[in-house]
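S.K.: Chains as they are written, first to last, in the working numbering: chain H, 182 to 751; chain L, 57 to 385; chain D, 7 to 318.
By construction, the Cβ of each residue, glycine as well, lies at the ideal position given by its N, Cα and C atoms.
Submitted below is the structure of interest, expressed as structure tokens.
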Amino acid sequence: MALLDVKNISIGFPSRHGMFVAVKDVSLSVEPGEILGVVGESGAGKSTIGNAIIALLEPPGEVIKGEVYLNGARIDNLSAEEKRLIRGKKIGMIFQDPQTSLDPLKTIRQQLVETIDLHLRLGRKGSEKRALELLEQVGIPDPVTRMQHYPHQFSGGMRQRVVIALALCGEPELIIADEPTTALDVSVQKQILDLMRKLCVDKNVGMILVTHDMGVIAEVADRVAVMYNSQLMEIGETAQIIGNPQHEYTKSLISAIPRPDKKVRRFPLVTYIEDVVEQKDEFDVSTHWLGQSREFDMKVADDGTILQLEDLGMRFQITNSLFKSKRRYLDAVKDVNFSIKEGETFGIVGESGSGKSTIARMVTGLYTPYKGKVNFLGKEISAISHTPEVLPYRRQMQMVFQDPFSSLNARMRVLDIVAEPILFHKLAESKAEAEHIVMDLLKLVGMSDDAYAKYPHQFSGGQRQRISIARALATRPRFLICDEPTSALDVSVQAQILNLLKDLQEELNLTMMFISHDLPVIRQMCDRVAVMQHGQVLELAETENLFENPQHEYSQHLLSLMPRLDMLQA
Amino acid sequence: MLVFSFLVKRLFQSFLVLLSVAFIAFALFKFVGDPISNMVGQDTTLAEREKLAERLGLNDPFPVQFFNFIKGAAVGDFGLSYRHKVPVSQLIAERAPATLELAIISALLSVFVGIPMGVYTAIRRKGLLSRSFMTVSLVGISLPTFLIGILFIFLFGVILRWLPTFGRGEVVQIGFWTTGLLTWSGIKSLILPSVTLALFQMTLIMRLVRTEMLEVLTTDYIKFARARGLKENAVNFGHALKNTLIPVITIIGLQLGLVMAFAIITETVFQWPGMGMLFIQAIEEVDVPVMAAYLMMISLVFVAINLAVDILYAFVDPRLTIDGGSKHG
Amino acid sequence: MADRKMKSNSKWVQFFNGDLWYDFTRSPVAIVSFITTIGCLFLAASAQWVAPFDIFDLATLELMDADLPPPWADEYGEDKFFLGTDDQGRDIWSGILYGAQISVFVGFASVIISAIVGVALGLLAGYAGGRIDSFIMRVADIQLSFPAILIALLIDGVMRGLLPRELHDELAIYVLIFAISISGWVQYARTIRGSVMVEKHKEYVQAGQVIGLPSRIIAVKHILPNVLNPLFVIGTIHLATAIITEATLSFLGVGMSPTTPSLGTLIRIGNEYLLSGEWWITLFPGLALVILVLSVNIFGDWLRDALNPKLR
């Protein structure tokens with residue numbers, strides 16, 4: 182008998198536009214000690230299943246059809262109070278963001294003891310003893326002291342360990358983990374995944390692991406359920422799903438995953454995704470608007486260097502004080518030197534806080550460097566200044582941002598968003614010409630004809646990122662900075678955007694600085710890579726050399742954390 | 057360390073507030089009304105006036121005058137009232153107990169009724185009682201205080217004749233303090249004015265607490281607490297309430313600081329012999345020393361309450377008292 | 007251009023298809039309060055045409071008509087004064103209409119001035135940051151320690167000291183508007199500043215900087231339109247507060263004079279006669295004030311909840 186059995190469940194959210202069905206006719210089961218991965222892109226309905234099993238659907242959501250059995254007993258039709266008794270005791274839950282999952286005003290001890298005493302009735306003393314054991318099991322060093330601490334005194338990874346300990350308080354038989362490592366850095370992610378794997382085996386607990394990340398699935402899941410558009414596409418052994426997917430959707434999903442093991446020229450065209458007008462017209466940069474007047478007094482150096490950073494450094498004040506000695510600073514970037522040659526894609530990789538985005542912001546003039554120089558096309562442009570003298574240089578350099586939901590002004594039409602740089606830099610003779618150019622750019626990035634009159638909120642994340650790219654191209658730049666351009670996107674959309682960037686680079690002979698935390702993406706995109714940690718560049722190498730033969734210890738460490746996805750077809 | 061610098065900062069801000077108020081009060085003296093003609097008769101000669109001005113320091117340079125004003129204000133010396141011809145400090149001292157008793161009772165009333173009502177309406181958001189509380193509170197903030205006062209007087213004083221509608225009733229003198237709390241008629245007299253004054257603050261606090269608590273109830277840690285199977289009461293009162301009250305404390309402090317000033321209206325309606333009435337009369341007669349002294353008094357109370365709230369705040373919120381620096385330890 | 011027309015058209019279409027309009031049509035509370043508000047505002051605005059008597063025309067007043075009760079409540083009343091008359095023989099209903107006109111005018115004027123000043127300062131503080139921000143916000147903090155009533159009283163006192171009596175009465179309405187708006191800007195400034203601080207770190211602002219746009223264009227063209235939403239809610243609720251403040255000041259005798267009475271002045275006049283049984287002189291203006299403020303408040307409250315996605 183399976184530990185958990187979900188039979189033909191459908192979950193709906195009534196709204197004024199009728200019932201929105203978030204999960205449609207899904208069946209799945211979990212055995213004791215087994216990790217079932219539920220994978221899918223945003224809006225697939227994967228989190229909703231987890232919430233429904235533990236009876237914590239956001240109102241007005243409701244189970245409209247199907248049954249849920251735990252150890253053979255039906256649990257979806259119990260009263261509210263009976264369902265509460267199951268929560269924590271039989272089924273535990275782990276949320277995505279450890280920063281917000283813990284009550285900030287109570288110590289870890291208070292939160293643990295409260296929960297343990299509720300479920301196991303061990304009394305105060307007994308509960309405290311049990312709490313200590315749990316903290317030890319989840320790998321919190323010095324639990325006796327740490328127990329007295331408040332959540333804000335823990336780092337993100339440690340907090341997620343505390344959250345796991347709390348989920349284990351009632352000794353549940355099933356744990357639902359909703360994107361448990363998404364908010365964490367890769368090195369921490371690996372530790373947390375290992376911990377969860379170990380706990381499942383040791384305690385014979387079943388787990389539903391909801392995630393969008395195939396890498397996470399490959400790492401820990403025994404079986405995988407693939408969801409798309411509220412429905413279950415395919416369910417099976419992890420190796421089979423990744424290595425030999427049967428369903429069309431799964432196939433395209435797997436093919437969109439950036440491969441860590443080798444570089445492919447382009448991602449195979451991924452079906453099953455949002456409608457995009459694939460631009461297949463012949464493109465000739467010498468006749469196109471984007472290719473005009475590229476040559477003026479700014480010359481690329483003889484060795485091809487377009488951008489050069491000299492001893493670049495950035496420092497932020499973290500605590501202010503009247504006394505100079507008490508002020509604390511953070512050196513976000515320390516003495517960085519490198520140069521980028523025309524036409525190459527230069528990658529910067531590192532974990533959060535490594536200073537990679539700060540470099541981009543100094544290069545584009547959003548931050549003024551604390552020390553050092555930025556030389557672009559032979560001119561020093563270090564300070565934030567938009568003097569008429571610097572402006573033509575700034576125009577040559579544009580940026581594509583990370584978050585497509587905040588990088589477009591919600592109050593402006595797409596036409597106005599993309600036309601603004603053209604009009605500001607007077608790159609068109611008239612408004613009508615500017616509009617014409619905008620239409621052309623939108624077509625170039627794969628948007629349909631009617632896009633220009635709409636507002637950003639009418640588009641999906643991937644489409645917005647295309648608009649963002651069109652805007653960046655609108656100043657006719659020759660240098661494009663991409664700061665995590667796909668980290669907020671689903672993997673299939675990511676594949677499309679990366680393809681688009683590759684095409685544009687080829688056609689326009691763009692130079693790119695590509696910033697990412699994601700090593701496989703870096704491998705697919707970049708010619709050379711700088712590996713950063715704590716504000717310093719630790720290793721700078723040709724991409725293939727780095728992946729095949731990393732020199733620095735930290736590079737080796739990062740590569741070892743990379744999900745291997747060995748099951749992928751060669 | 058964090059608490060220390062937080063409090064130092066707040067102390068400095070309070071000082072700044074008092075200083076700016078002092079400046080306004082001083083500016084009143086300088087630019088409104090003529091202190092000399094308020095002190096002497098019509099027939100005083102110009103030379104005598106000049107002499108008086110010299111003696112009062114009115115010819116000193118501006119900063120010196122301001123400094124002298126602050127020196128006087130610090131020990132409660134604001135000179136003679138233009139109208140009553142007695143020291144302002146004496147006038148204030150006579151009137152202060154009446155206002156303070158009224159304000160404190162109202163403040164307690166609004167906090168101890170307002171907070172529970174706010175919590176209740178947040179927890180039972182859709183309940184019938186909650187909805188009626190909310191409707192009543194809307195009426196509460198829509199009725200101007202003076203109108204509530206008039207209504208109460210009409211209802212309880214004129215029609216039902218249950219409660220006195222003006223004055224403090226019998227008061228007892230204890231040292232420099234006169235209290236109405238020790239006699240039956242004093243307490244009866246206090247009921248209508250204090251409820252009137254409390255009503256507006258009460259509805260405000262209730263709505264504030266409700267909004268904040270609704271916000272807290274949507275957070276992840278509340279959802280996680282539910283996912284651990286905690287009982288509804290443990291979630292609401294064990295986790296949500298404290299997180300609600302901490303940010304609310306500051307705003308409530310701010311509101312209570314204002315009660316003294318709102319007392320002006322109540323005192324006028326109920327003929328309550330407090331500082332507010334004194335102030336209104338002073339305005340009508342442009343009695344600058346009284347205006348200035350009242351202003352300083354009000355802001356002193358305001359600043360004191362807010363400082364107290366800040367200290368309280370610093371000690372109940374661990375994020376302020378305990379440095380998160382050991383994060384990576 | 008044809009485009010422009012399409013744009014405004016589609017915005018209206020969006021509004022009527024939007025959730026706000028949907029919620030509105032399904033909330034009796036919202037509809038009733040909105041209609042009442044509009045009705046009150048209309049009556050107040052057209053007092054000159056709607057009111058049966060011109061209360062400023064002293065020639066029409068007759069002492070015989072003084073202190074008449076409403077005809078439907080007392081046999082001494084006269085039909086032409088259906089809410090009775092005051093001590094000078096003025097028709098209460100006409101007084102309410104003219105009084106409401108002044109109250110509403112003062113309210114709207116104060117709200118508009120506060121909003122303009124508050125939005126400008128909030129935008130400046132939030133976008134410029136640093137010392138400018140600290141300075142503006144410190145002033146706002148200090149301002150907050152004084153309720154509108156106190157500031158208004160003080161300003162009135164100062165004006166009394168500086169201006170001769172007749173001039174003071176004549177300027178009373180401007181003194182009121184000034185006094186009420188000076189205490190109202192803080193809330194706008196704080197809200198706008200808060201939103202600006204959030205918005206200015208968003209990537210669309212950085213995108214504008216990378217394009218090379220100057221700060222003032224980014225602040226006004228990009229950030230400002232994105233922070234104006236809360237303005238409607240604050241403005242509606244502030245309108246109610248401003249009307250109450252005006253009424254309170256007039257009631258305390260430092261607002262509108264009895265010759266050009268607002269609702270507050272009417273209540274003040276009537277209050278003296280309340281204990282002697284002439285309740286209508288106070289009660290009806292009071293009721294009018296409550297209906298006006300309550301409907302504005304209820305609508306504002308509904309609007310705030312409707313626009314708050316977390317409460318839906």
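Let me make sure I understand the geometry here. Which of H:Glu400, H:Leu547, H:Leu490, H:Glu317 has the alpha-carbon closest to that of Val555 of chain H?
M.R.: Nearest C-alpha to Val555 of chain H: H:Leu490.
S.K.: Run down chain D in chain order and give the residues with a C-beta less than 7 angstroms from the C-beta of Arg645 of chain H.
M.R.: By Cβ distance, chain D contributes nothing, its closest Cβ being about 11 angstroms from Arg645 of chain H, past 7 angstroms.
S.K.: Could you check whether the Cβ of Asn590 of chain H sits closer than 7 angstroms to any Cβ belonging to chain D?
M.R.: Closer than 7 angstroms: yes.
S.K.: When you compare only the Cα positions, how much space is there between Asp456 of chain H and Thr197 of chain D?
M.R.: Confidence in Asp456 of chain H is poor, its pLDDT being 49 and thus under 50, which makes the residue's placement too unreliable to answer from.
S.K.: Roughly how many angstroms separate the alpha carbons of Ala420 of chain H and Ser223 of chain H, rounded to a whole number?
M.R.: Roughly 23 angstroms between the two C-alpha positions.
S.K.: When you compare the CB positions of Pro117 of chain L and Thr254 of chain D, do they come within less than 7 angstroms of one another, or not?
M.R.: Going by C-beta atoms, Pro117 of chain L is not nearer than 7 angstroms to Thr254 of chain D.
S.K.: DSSP three-state label for Ile381 of chain H, please.
M.R.: Per the sequence presented here, residue 381 of chain H reads as Cys, with Ile not at that position. If DSSP states are grouped into helix, strand and coil, Cys381 of chain H belongs with the helices.
S.K.: Closest to Lys184 of chain H by C-alpha separation, out of H:Ala402, H:Ile603, H:Val249, H:Asn232, would be which residue?
M.R.: Contrary to the premise, residue 184 of chain H reads as Leu rather than Lys in this sequence. Considering only alpha carbons, the answer is H:Val249.
S.K.: For Pro231 of chain D, which residues in chain H fall below 9 angstroms Cβ to Cβ?
M.R.: Simply Asn590, Ala591, Arg592, Met593.
S.K.: Compute the beta-carbon to beta-carbon distance between Leu315 of chain H and Leu283 of chain H, rounded to the nearest angstrom, for a pair I have assumed lies under 8 angstroms.
M.R.: Not confirmed; about 14 angstroms, so no contact.
S.K.: Just the Cα atoms here: how many angstroms apart are Pro329 of chain L and Gly205 of chain L?
M.R.: Whole-angstrom Cα-Cα distance: 16 angstroms.
S.K.: Measuring alpha carbon to alpha carbon, tell me which of H:Val674, H:Phe640, H:Leu685 ends up nearest Leu661 of chain H.
M.R.: It is H:Leu685.
S.K.: If we ignore side chains and look at the alpha-carbon of each, how far apart do Ile389 of chain H and Ala722 of chain H end up?
M.R.: About 40 angstroms.
S.K.: Spell out whether any CB of chain L is found under 7 angstroms from the CB atom of Ala253 of chain D.
M.R.: Chain L, which has a Cβ nearer than 7 angstroms to the Cβ of Ala253 of chain D, makes this yes.
S.K.: Which residues bound the beta strand (DSSP E) around Pro195 of chain H?
M.R.: 185-196 is the span of the beta strand (DSSP E), which, as asked, contains Pro195 of chain H.
S.K.: Strictly below 7 angstroms CB to CB, what residues from chain A border Asn292 of chain L?
M.R.: Although the question refers to chain A, the structure presented lacks it and instead comprises the protein chains H, L and D.
S.K.: Measure the C-alpha to C-alpha separation of Asp175 of chain D and Met262 of chain D and round it to an integer number of angstroms.
M.R.: Each residue's alpha carbon lies about 7 angstroms from the other.
S.K.: Run through the DSSP bridge pairs and tell me what Trp459 of chain L is partnered with.
M.R.: With chain L represented from 57 up to 385, any question about residue 459 of chain L goes unanswered, as that position is not in the structure.
S.K.: Any chance you could list the beta strand (DSSP E) runs of at least 3 consecutive residues sitting entirely within the region 334-391 of chain H, in chain order?
M.R.: Entirely contained in the region 334-391 of chain H, the beta strand (DSSP E) runs reaching 3 residues are, in chain order, 355-359.
S.K.: Going by DSSP, name the residue or residues bridged to Val359 of chain L.
M.R.: In DSSP, Val359 of chain L forms no bridge with anything.
S.K.: Do Thr322 of chain L and Leu248 of chain L come within 7 angstroms of each other at the CB atom, strictly closer than that value?
M.R.: No, these two residues do not count as a Cβ contact at 7 angstroms.
S.K.: What number of angstroms, rounded off, separates the C-alpha of Pro279 of chain H from the C-alpha of Arg340 of chain H?
M.R.: Roughly 6 angstroms separates the two Cα atoms.
S.K.: Taking 7 angstroms as the CB-CB limit, is Leu259 of chain H close to chain L?
M.R.: Not closer than 7 angstroms to any Cβ of chain L, the Cβ of Leu259 of chain H fails to qualify, so no.
S.K.: Can at least three beta-carbon pairs, one atom from the region 94-101 of chain D and one from the region 51-61 of chain D, be found at a separation below 8 angstroms?
M.R.: With the cut-off at 8 angstroms, the region 94-101 of chain D and the region 51-61 of chain D touch.
S.K.: Just the chain H side, please: which residues come within less than 9 angstroms of Tyr369 of chain L by C-beta, in chain order?
M.R.: Per Cβ cutoff of 9 angstroms: no residues; Tyr369 of chain L is ~12 angstroms from chain H at best.
S.K.: Per DSSP, Leu661 of chain H forms a beta bridge with which residues?
M.R.: According to DSSP, which records beta bridges pairwise, Leu661 of chain H is partnered with H:Gln579, H:Met693.
S.K.: Should the region 334-344 of chain L be called in touch with the region 291-309 of chain L, which here means at least 3 C-beta pairs below 8 angstroms?
M.R.: Because the criterion of three Cβ pairs below 8 angstroms is not met, the region 334-344 of chain L and the region 291-309 of chain L do not touch.
S.K.: Runs of 4 residues minimum, wholly inside the region 291-377 of chain L: which ones carry the alpha helix (DSSP H) assignment?
M.R.: Runs found: 297-325, 331-340, 344-372, 374-377.
S.K.: When you compare the CB of Val342 of chain L with every CB in chain D, is at least one pair closer than 7 angstroms?
M.R.: Cβ-Cβ to chain D under 7 angstroms: yes for Val342 of chain L.
S.K.: Give the DSSP-derived three-state secondary structure of Met269 of chain L in the structure shown.
M.R.: Helix, per DSSP.
S.K.: Is there at least one Cβ from chain H nearer than 7 angstroms to Pro374 of chain L's Cβ?
M.R.: Answer yes: the Cβ-Cβ gap between Pro374 of chain L and chain H drops below 7 angstroms somewhere.
S.K.: For the region 348-363 of chain H against the region 282-293 of chain L, are there 3 or more C-beta pairs whose distance is under 8 angstroms?
M.R.: The answer is yes - the region 282-293 of chain L touches the region 348-363 of chain H, with three or more Cβ pairs under 8 angstroms.
S.K.: For Asn556 of chain H, which beta-bridge partners are listed by DSSP?
M.R.: Answer is H:Gln489, H:Glu561.
S.K.: Name the chain D residues that come within less than 9 angstroms of Phe605 of chain H, Cβ to Cβ?
M.R.: Result: Ile217, Gly218, Leu219, Ile223.
S.K.: Please determine if the region 726-739 of chain H and the region 686-698 of chain H are in contact, where contact requires at least 3 C-beta pairs separated by less than 8 angstroms.
M.R.: Touching, no.
S.K.: How long is the line joining the alpha carbons of Arg105 of chain L and Ser137 of chain L, rounded to whole angstroms?
M.R.: Going by the C-alpha atoms only, they are around 18 angstroms apart.
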